[in-house]
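Student: Position one of the sequence shown corresponds to residue 23 (my numbering), numbered consecutively onward. Ideal Cβ positions, reconstructed from N, Cα and C, are used throughout, including at glycine.
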Amino acid sequence: MRNTLVMLLGAVLLTACGGGSDSSSATLTTTTSLNVTEMLDSHAQARAAVAVMPLIWSSQMTDYAQQWANHLATNNGCQMQHRSVAGMNPLNAGENLYWASAVQWTDGRTEVQNITSAHVASAWASEIADYDYASNTCVPGKMCGHYTQMVWRNSTEVGCAMAICPDKGQIWVCNYNPPGNVLGEKPY
23 MRNTLVMLLG AVLLTACGGG SDSSSATLTT TTSLNVTEML DSHAQARAAV AVMPLIWSSQ
83 MTDYAQQWAN HLATNNGCQM QHRSVAGMNP LNAGENLYWA SAVQWTDGRT EVQNITSAHV
143 ASAWASEIAD YDYASNTCVP GKMCGHYTQM VWRNSTEVGC AMAICPDKGQ IWVCNYNPPG
203 NVLGEKPY
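1) Check the DSSP bridge columns for Val180 and list the partner residues they point to.
2) Using only the alpha-carbon positions, how far apart do Asp129 and Ala115 sit?
3) Going straight from the alpha carbon of Thr178 to that of Gln126, what length do you get?
4) What do you get for Asn136, buried or exposed, if any count of 16 or more other CB atoms within 10 angstroms of its CB means buried?
5) How would you call Arg105, buried or exposed, if buried means at least 16 neighbouring beta carbons within 10 angstroms?
6) Grab the span of the alpha helix (DSSP H) containing Tyr212 for me, first residue to last.
7) Using the rule of at least 16 other Cβ atoms within 10 Å of the residue's Cβ for burial, across every protein chain shown, is Leu56 buried or exposed?
8) Flag this pair as yes or no: are the beta carbons of Ala91 and Ala151 separated by less than 8 Å?
9) Comparing C-alpha positions only, which one of Leu205, Asn203, Pro209, Trp194 sits nearest to Ala122?
10) Going by the DSSP bridge assignment, what does Glu117 pair with across the sheet?
11) For Val142, does the count of other Cβ atoms within 10 angstroms reach 16, so buried, or fall short, so exposed?
12) Are the CB atoms of Pro58 and Trp79 nearer to each other than 8 Å?
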């Protein structure tokens, strides 16, 4: 019998997981599960395209990102929320979030999607198409803040992590120091 792959929502940026219940039974995946070199290289490519120096990997930002990814996966029902919105950003770090749904098979199996660090960074970097440098704004109805944080000239460090949600969705968090997206300033 042939199983057909049915994707519930694929990978979605800045959309809540929905349907997930608050639970502490999430499988917490450590940062070693993501490819640090791939994440740094993807950021470096986006930054080089606008003549901005590459970022340095920060263990402090990585630990901070892992803490928030774990919180979102276990205490927040897999709902995406920025630390700053939650009033929980003591390090005042910049932050990019990414969510991906689980894979749902017709036979009822649910699996974690194989999402790479490069895929996550590429999704953020693709927002360049929706950013207008001259006016320093996003195209109406589009997002570009992930891209501008990636290439923010004053950000020098990044740390990223991910966690698997109880429904086998996943939350990715990258934190940046110093933070970008300063109101009224251009990223580069």
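Tutor: On the basis of the coordinates in this document:
1) Your numbering for residue 180 matches position 158 in the sequence shown. Looking at the DSSP assignment, Val180 forms a beta bridge with Trp79, Tyr198.
2) One-based indexing of the sequence shown puts residue 129 at position 107. One-based indexing of the sequence shown puts residue 115 at position 93. Cα to Cα, Asp129 sits roughly 43 Å from Ala115.
3) If you number the sequence shown from 1, residue 178 lands on position 156. If you number the sequence shown from 1, residue 126 lands on position 104. Cα-Cα distance, rounded: 39 Å.
4) Here residue 136 refers to the residue found at position 114 when the sequence shown is read from its first residue. Burial state of Asn136 is exposed, judged by a 10 Å Cβ sphere holding fewer than 16 other Cβ atoms.
5) Walking along the sequence shown from the start, residue 105 turns up at place 83. Classified as buried, Arg105 has 16 or more neighbouring CB atoms from the shown chains inside 10 Å of its CB.
6) One cannot answer for residue 212 here, as it falls past the ends of the chain, which runs 23 to 210.
7) Position 34 of the sequence shown, counting from 1, holds the residue named residue 56. Leu56 should be labelled buried.
8) Within the sequence shown, residue 91 is the residue found at index 69, counting from 1. Within the sequence shown, residue 151 is the residue found at index 129, counting from 1. Taking the C-beta atoms as reference points, Ala151 is found no nearer than 8 Å to Ala91.
9) Sequence index remark: in the sequence shown, residue 122 carries index 100 (1-based). The option with the nearest alpha carbon to Ala122 is Trp194.
10) Here the question's residue 117 lines up with position 95 in the sequence shown. Glu117 pairs with Asn197.
11) The count along the sequence shown starts at 1 and reaches residue 142 at position 120. By the neighbour-count rule (16 or more Cβ atoms within 10 Å), Val142 is buried.
12) As a position in the sequence shown, residue 58 is number 36, starting the count at 1. As a position in the sequence shown, residue 79 is number 57, starting the count at 1. The identity of residue 58 in the sequence shown is Val, whereas the question assumes Pro. Yes, Cβ-Cβ distance for Val58 and Trp79 is below 8 Å.
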